[in-house]
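Taken in order, these protein sequences are the chains called A and B. Residue numbers 1 to 328, in full-length UniProt numbering, belong to the letters of the first sequence in order. Residue numbers 1 to 328, in full-length UniProt numbering, belong to the letters of the second sequence in order.
2 protein chains.
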Amino acid sequence: MTTLREVAAAAGVSMATVSRALAGSTIVAARTRERVSQIAAELDYQPNRAARQLVTGRGQAIGLVVPDLQNAFYASVATGMQRRVRAAGLNAMIGDTDEDPARELEVLSQLAMVCDGAVLASSRTSDADLAEVAGRTRVVLVNRVLEGVPAVVGDNADGMAQAVAHLAALGHTRIGYAGGPATSWSDARRREGLATAARRELTADGVVDLGAFRPGSAGGIAAADRALANGVTAILAFNDQLALGILGRLADRGVAVPQQMSVVGFDDVPVARLLAPPLTTVSVPALEMGSAAVDLLLSSEEPATRVLPVELQVRRSTAEPARHSGRT
Amino acid sequence: MTTLREVAAAAGVSMATVSRALAGSTIVAARTRERVSQIAAELDYQPNRAARQLVTGRGQAIGLVVPDLQNAFYASVATGMQRRVRAAGLNAMIGDTDEDPARELEVLSQLAMVCDGAVLASSRTSDADLAEVAGRTRVVLVNRVLEGVPAVVGDNADGMAQAVAHLAALGHTRIGYAGGPATSWSDARRREGLATAARRELTADGVVDLGAFRPGSAGGIAAADRALANGVTAILAFNDQLALGILGRLADRGVAVPQQMSVVGFDDVPVARLLAPPLTTVSVPALEMGSAAVDLLLSSEEPATRVLPVELQVRRSTAEPARHSGRT
DNA sequence: TTGAAAGCGCTAACAT
DNA sequence: ATGTTAGCGCTTTCAA
């Protein structure tokens, strides 16, 4: 590894001049700067990040904490985040918490030691703890809002409104909501949006709360069974991960989608369109959320909440309800 | 931030003693160690990683380079890798290359600056470049083998043998192989395994090379169309990502799976079982590959290649071929 | 415009 | 068993 000192020696100038030249400082003579840059390149000089961080205090990486990388939504957020970070010449560090809220702070503080800041996706940490962390570390939230902390979120209420409007237009009058984890901020927002939309489009008992489920196939089984027991004609799932599980269970139980049951997801993960039937779902710009979060982290503006638009993708997992589900 | 110096002052000992005590060195008196640890805890002392790295040379993180985090297989490798890394008290840094082989070295060298070592998954870099990198940085390969570099791979040949045996037993005599990227090491191994198995189970023209495709839905469309044009009764896909695209295209073209076409994938990503029909595929222990790679990286043994067993999961995307596919 | 010098927080010889 | 000391590679005052 070539060091600054070696470059300085080769160029016949001081270390300070090399440091300034390489940083592009204008106070160093243009000719000197050029020569130094060239020699540094020849020697294949790579600055030692640890040394730089030690003296500047500023790090070289940005962290991302997600509940589960295997959820395609978070994989997309990670991809978007990572592209932006790399474009800024920094590194991305990613940690997942295995859907365990308790591990969130642990992972974050571990990342924070080497990171300038971190993006926290779908945090389930309490407001108080979160505020405390945000006080110590530069943090941007994704899919969560907290006063004074910058955040990027999808328009949850509007997404639910679109989904309900679509189902109502098809003629559904009893819709089941398969909720996400109880501590999920997005789930709370989606429930609110759902309630508002339901008041507008449906009768009082138009929405049935199926309960709270862990995204994944286990949760999907429970959710689908509850939906069937409740006699709803459509299921609105908290996210695609859960909708996937629901679809699987319905297929196992011989329930035809969309003929006997309509299913709507949320997120529009890439596989959604490849399922049979292709899943009707609310498309959330996950890649953009990741990059926008990095922008917020890197910019020095006031903490702001960026709400990204979402859009229902109508595919083939939704249709008119069966006329007489009992007969025929 | 509390520093070592402050802890030393508070404890009334030298910095060196604190350093040793906190490192758990046995040469420091037990009582001293205890007192120092307690004071450090009271002061909420957190060692500065940059300073430590600067002096020891050893970093604090382990890197992972994958072609595409949105491919569920790599997301699983990342998860497995990450759990192991965190269990070792280190951080994981993940970078993806957007399936661009050229970016691989770039991402790796960026990660290498702050990492003790890196796991390189499905590298498509040339042997020469890879050997050069492995000389500079501690590297473990996943899904790639190179003399002198530790590696974790799935048993590609055996996987193909199982898949071919399954299809042959069902009565298929013309199988199309939808290959992966030309520079993919696993694709080459899978082709070899396929050829060997075909010699044993099928006639000379039993396997049709459909070509090389990029995993994803675009590649799947091309692959499915080629398969249909070639009159094969079964498609063996390089990986699930590609199989997903194939399934999607077949559905679009009204080809019933498995009645008119059988499809077999490779990897067994979590959604494979949730597709309609559930995908028959070769299960590869992705999580384990990730953690095994970290083990290899952290251990100081001789470079070894760990071959992990794979197992065909027969689901419902495969069946006997139609008797007379032309008629009826 | 350039250089000298003082650390950033920590570890590891070496000395006691 | 503990302390002293000399840096790790870099940035950044301060002085020239």
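Don't be surprised by glycine CBs; every beta carbon is placed ideally from N, CA and C.
Under 9 Å between C-beta atoms of residue i and residue j
| i | j | result |
| --- | --- | --- |
| B/N71 | B/V310 | no |
| B/T281 | B/R316 | no |
| B/G95 | B/R174 | no |
| residue 330 of chain A | A/L146 | Outside the displayed range of chain A (1 to 328) lies residue 330 of chain A, so it cannot be described from this structure. |
| B/V114 | B/A61 | yes |
| B/S186 | B/S283 | no |
| A/G59 | B/A50 | yes |
| A/V264 | A/Q241 | no |
| B/L236 | B/F213 | no |
| A/A223 | A/L210 | yes |
| B/L312 | B/A163 | yes |
| B/G148 | B/A131 | yes |
| residue 351 of chain A | A/L244 | Outside the shown range of chain A (1 to 328) lies residue 351 of chain A, about which nothing can therefore be said. |
| B/V314 | B/A88 | no |
| B/L202 | B/A178 | no |
| B/L54 | A/L54 | yes |
| A/P67 | A/T305 | no |
| B/L69 | A/L69 | yes |
| A/A11 | A/R35 | yes |
| B/P285 | B/G135 | no |
Residue i burial status per 10 Å Cβ neighbour count (16 or more: buried)
| i | result |
| --- | --- |
| B/P258 | buried |
| B/E192 | exposed |
| B/G290 | buried |
| A/T97 | buried |
| B/E104 | buried |
| B/Q38 | exposed |
| B/I246 | buried |
| B/G24 | exposed |
| B/Q46 | exposed |
| A/A256 | exposed |
| B/A29 | exposed |
| A/A227 | buried |
| A/R199 | exposed |
| A/T26 | exposed |
| A/S325 | Any reading at A/S325 must be qualified, since the residue scores a pLDDT of 46, below 50, and its modelled position is unreliable; the value itself is stated next. It is exposed - the Cβ of A/S325 has fewer than 16 other Cβ atoms within 10 Å. |
| A/A204 | exposed |
| A/A41 | exposed |
| A/A16 | exposed |
Nearest-angstrom beta carbon gap, residue j and residue i [assumed within contact, 8 Å]
| i | j | result |
| --- | --- | --- |
| B/T318 | B/A234 | 7 Å |
| A/A92 | A/V85 | 4 Å |
| A/A118 | A/V152 | Not really, about 13 Å apart at Cβ, beyond 8 Å. |
| B/T3 | B/A21 | At roughly 15 Å, the Cβ-Cβ gap does not stay under 8 Å, so B/T3 and B/A21 are not in contact. |
| B/T125 | B/P101 | 6 Å |
| B/G80 | B/L287 | 4 Å |
| B/N239 | B/G180 | 6 Å |
| A/A165 | A/A197 | 7 Å |
| A/I221 | A/R189 | Not quite, the Cβ-Cβ distance comes to about 26 Å (not below 8 Å), so this is no contact. |
| B/V107 | B/V65 | 5 Å |
| B/L275 | A/A276 | 7 Å |
| B/M160 | B/L194 | 5 Å |
| B/H172 | B/P303 | About 40 Å separates the two Cβ atoms, so there is no contact after all. |
Residues that residue i bridges to, as DSSP identifies them
| i | result |
| --- | --- |
| B/V263 | B/I235 |
| A/R306 | A/V152 |
| B/S283 | B/D267, B/E311 |
| A/T138 | Looking at the sequence shown, residue 138 of chain A is not Thr but Arg. DSSP, once it has assigned bridges, lists A/G117 as partnering A/R138. |
| B/Y177 | B/D209, B/L236 |
| A/N91 | A/A61 |
| B/D96 | B/V66 |
| B/L146 | B/V149 |
Report task. Give, in chain order, every residue of the region 274 to 297 of chain A whose Cβ lies closer than 7 Å to some Cβ of chain B. Result -> L274, L275, A276
Report task. Could you name the residues of the region 81 to 112 of chain A whose beta carbon sits closer than 8 Å to any beta carbon of chain B, in the order they occur along the chain? Result -> Q82, R83, R86, N91, A92, M93, I94, G95, D96, D98, V107, Q110, L111
Report task. Using a Cβ-Cβ cut-off of less than 8 Å, list which residues of the region 238 to 249 of chain A approach chain B; keep chain order. Result -> L244, G245, L247, G248
**Report entry** Against chain A: residues of the region 36 to 65 of chain B by CB proximity under 8 Å
**Finding:** Q46, N48, R49, A50, A51, Q53, L54, G59, Q60, A61
Query - Members of the region 253 to 275 of chain B that neighbour chain A once the beta carbon cut-off is set at 8 Å - result: P270, V271, R273, L274, L275
Query raised in the report: What are the residues of the region 206 to 222 of chain A that lie near chain B, defined by any Cβ-Cβ distance shorter than 9 Å?
Result: G216, S217, G220
Query - Near-chain B residues of the region 113 to 128 of chain A - C-beta to any C-beta below 8 Å - result: M113, V114
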